[in-house]
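Single-structure report; data block below.
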Amino acid sequence: MSQAIKAAIAVVLLSALWVTSPTHGGTFTQINTSLPSFYYSSMAWGDYDNDGDLDIAVTGHNKINESEMIGEIYRNDNGSFTAIGAGITPTSLGSLSWGDYDNDGDLDLFETGYDGGFNTATAYHANLYRNDGGDTFTLVSFPGIGVNSGYSAWVDYDGDGDLDLSYSGVQTGFDEFALYRNDGNGNFSYVSTGIPNFSGGSLEWADYDNDGDQDILISGQCNVFEFHTAVYRNDGGGNFTEISSPFFQEYDGNAVWGDYDQDGDLDIYINGNDHSGTMFFTFVYENVGADNFVDLGATLPRAGEGSTFDIGDVDGDGDFDALMTGVVESTANVFTYEGDATFAGTIDSIPNGCCGSASFADYDNDNDLDIYVAFIEHGSYFFRNDTNAKNTPPLPPSALSAEVSADTAFLSWNAASDAETAAAGLTYNVRLGTTPGGIDVVSPMADIATGYRRIVALGNADQRLAFNVSGLADGVYYWSVQSIDNNFAGSPFANEASFVIGNTEAVCGDVTADGNVSIADAVFLINYIFGGGPAPSSVAVADADLSGSISISDAVYIIAYIFGGGPAPCSPS
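Letter by letter, the sequence shown follows residues 698 to 1270 of our numbering.
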């Protein structure tokens, strides 16, 4: 009997066992999907086709036929997954990251990994795929070197509104960390940061100190028998400073940002092992301010080599729970947060293993987080969350305000609320464009009409009630913000606001900023006054009757000008 057939039989038998295994909470059911069984894997959830459900990109070794590798995007068609033939390079030991780098409203994809070839100059990859609509992805030029055994993440590190790209890994014997600035028009430039090269482990960006820029948490191997877990504070201008920290030096696991206590600042979860492969650990470090983190002594079991870690509100109570594989001290893999640094293992039907990936995502839009896991021992399994405790999306923020200084806008708002997640635990997600409803400056990677979040992630403003964007050209800008809860559900966007950069020759009455006064401007004002629509860019533009305020009389004035031969806006009547 061939190895492939034996592997297939093993998968079927193990699948049958886990389907019928009891759980402590009784909330997860294993389901069959057309998704592949794989390991040495990467998975990334994202609504690439903007149809309102999460699709998934995957790479890794095929568990059924281990001589093959996988590289594919699977479209979610109401809970059924279809391979779209996207042309993603089959790789393993890599990473996948969704991000709208060209601010056109759809998700693009970045991939690293090893394709199994013997030519090391071409077998390691750093591939950028532009989403060209439908199911079409185009491999575009990217200046970075290929790597494997690493991680990647999109981030606006310089606060100019577009997504820059960072990644780590190993290439022909040396480690690599690279940050590439997005210069627009598909061009990227390498940024020298002083952050050490590393492979294995992970990298994640977030604003842990709430100062308005993105800091980085890294973990992994920097040199042979040299391991590093550290936070580098973003000091602006491409400068990063390592803060003093108590972190255990993790080799082959994960380090993750998340506000475990919902107090308004981001804490850190770390699991993995040291270089010996014998010291296993899992820690939660509380952010206590002033660049200090303290080990909580959390009641999570230790995890070993090749472990995975993800967080999300799996039980519907509003706080972050944990999903782990590679666990060495427990039969459970899902751990609900019970308060006071206490986690309870609740699910023992999910298989455990090494060297793969695991993630939370609400694939069926039923307001709870489902689970997809993949590793060497058993391949891949999908578990639907059948809990009765359903999450409700948060309410939108309010009182949007903008202050302008030179080419920089300082945006702010009042906190939102949520039925499950504490107000301080919410994150916020900003959109910004040069037209009403536009996203061409800052893409929220969310549906602006419904608030549906197209990636499983914190908002781009993290937990701040403010967002800064610099380098703006003169003109009128339109923006809004939504709140994101710990189920990664987005609220509707708040009513749109606007601001002006520089000296713009605004036409009085041209509230749509299309260059002329038309019935569309009157409709815009009526929608603003009576329908809660976006605000005009300024009183000067919208105050057609020179009353000193914006009211329905301005819309009537514009209509009289267009259809009745009345005076032009801002002219004495």
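Quick reminder that beta carbons are idealized off the backbone N, C-alpha and C, glycines included.
**Study point:** Nearest residue (CA-CA) to P1094, options A1121, D1014, L963
**Key:** A1121
Practice item. Between the Cα of D908 and those of G891, G1262, R1161, G1187, spot the shortest distance and give me the residue it belongs to. Key: R1161
Check your understanding: For A1194, which option in G1134, A1158, F945 has the closest C-alpha, if you only look at C-alpha atoms?
Key -> G1134
Check your understanding: What residues match up with Q868 in a beta bridge as DSSP calls it?
Key -> F871
Review point. Any idea what DSSP makes of L1222, helix, strand or coil?
Key: helix
Practice item. State whether the segment 1135-1152 contacts the segment 1203-1218, with contact taken as three or more CB pairs (one from each stretch) at a distance under 8 Å. Key: no
Check your understanding: Of the choices S886, N882, L1108, D962, whose alpha-carbon is the least far from that of I1198?
Key -> L1108
Review point. Where do the N-terminal and C-terminal ends of the beta strand (DSSP E) with A780 fall, by residue?
Key: 777-780
Check your understanding: In three-state terms, what does DSSP make of S1140?
Key -> coil
Exercise for review: Starting from S1250, follow the alpha helix (DSSP H) in both directions and report where the run begins and ends.
Suggested key: 1249-1261
Check your understanding: What are the boundary residues of the beta strand (DSSP E) that V852 is part of?
Key -> 849-852
Exercise for review: Determine contact between the segment 795-808 and the segment 851-862, defined as no fewer than three beta-carbon pairs at a distance below 8 Å.
Suggested key: yes
Review point. Between T726 and the rest of its own chain, which residues show a CB-CB distance below 7 Å, the 5 nearest in sequence each way excluded?
Key: F1080, R1081, D1083
Review point. Can you tell me whether N816 is buried or exposed, with buried defined as 16 or more other CB within 10 angstroms of its CB?
Key: exposed
Practice item. Out of N1192, D1018, A1237, point me to the one whose CA is closest to F1227's CA. Key: N1192
Check your understanding: Looking at G841 and A823, is the spacing between their C-beta atoms short of 8 Å?
Key -> yes
Review point. Going by the beta-carbon positions, is the gap between T996 and A952 smaller than 8 Å?
Key: no
Review point. Alpha helix (DSSP H) containing T819: first to last residue?
Key: 817-820
Review point. Which of helix, strand or coil does DSSP assign to G791?
Key: strand
Review point. What's the call for L1155, buried or exposed, on a 16-neighbour Cβ count within 10 Å?
Key: buried
Point to revise | Rounded C-alpha distance that separates W742 from G1172 | key: 35 Å
Exercise for review: Would you kindly check if the distance between the Cβ of N984 and the Cβ of F978 is under 8 Å?
Suggested key: no
Check your understanding: Nearest-angstrom Cα distance between P719 and S1027?
Key -> Low confidence applies to P719: its pLDDT is 34, below 50, so where it sits in the model is not reliable, and the reading given next is rough at best. Roughly 15 Å between the two C-alpha positions.
Check your understanding: Closest to L732 by CA distance: which of S1188, A780, Y745, D744 is it?
Key -> A780
**Study point:** First and last residue of the uninterrupted alpha helix (DSSP H) at A1239
**Key:** 1236-1239
Practice item. Would you mind listing the beta strand (DSSP E) stretches within the segment 1091-1145 that are 3+ residues and don't spill past its ends, in chain order? Key: 1095-1102, 1105-1111, 1124-1130
**Study point:** Complete runs of the beta strand (DSSP E) confined to the segment 975-1059 [at least 3 residues]
**Key:** 977-986, 989-992, 1000-1009, 1018-1024, 1031-1036, 1039-1044, 1054-1058
**Study point:** Range of the contiguous beta strand (DSSP E) that encloses T730
**Key:** Counting along the chain, T730 falls outside any beta strand (DSSP E), and DSSP gives it neither H nor E.
Point to revise | Chain-order list of residues whose beta-carbon lies under 6 Å from that of A1158 (same chain, five-residue window excluded) | key: Y1125, V1127, F1164
Exercise for review: Assign A1163 to one of three DSSP states: helix, strand, or coil.
Suggested key: strand
Exercise for review: Could you work out which residue in G1245, D1251, I761, G1187 is closest to S1215 when comparing CA atoms only?
Suggested key: D1251
**Study point:** Opening and closing residue of the beta strand (DSSP E) in which H925 lies
**Key:** 923-931
**Study point:** Cβ pair Y966, F924 closer than 8 Å
**Key:** no
Review point. What's the call for D976, buried or exposed, on a 16-neighbour Cβ count within 10 Å?
Key: Sequence check: residue 976 is Met here, not Asp. Per the 10 Å Cβ criterion, exposed.
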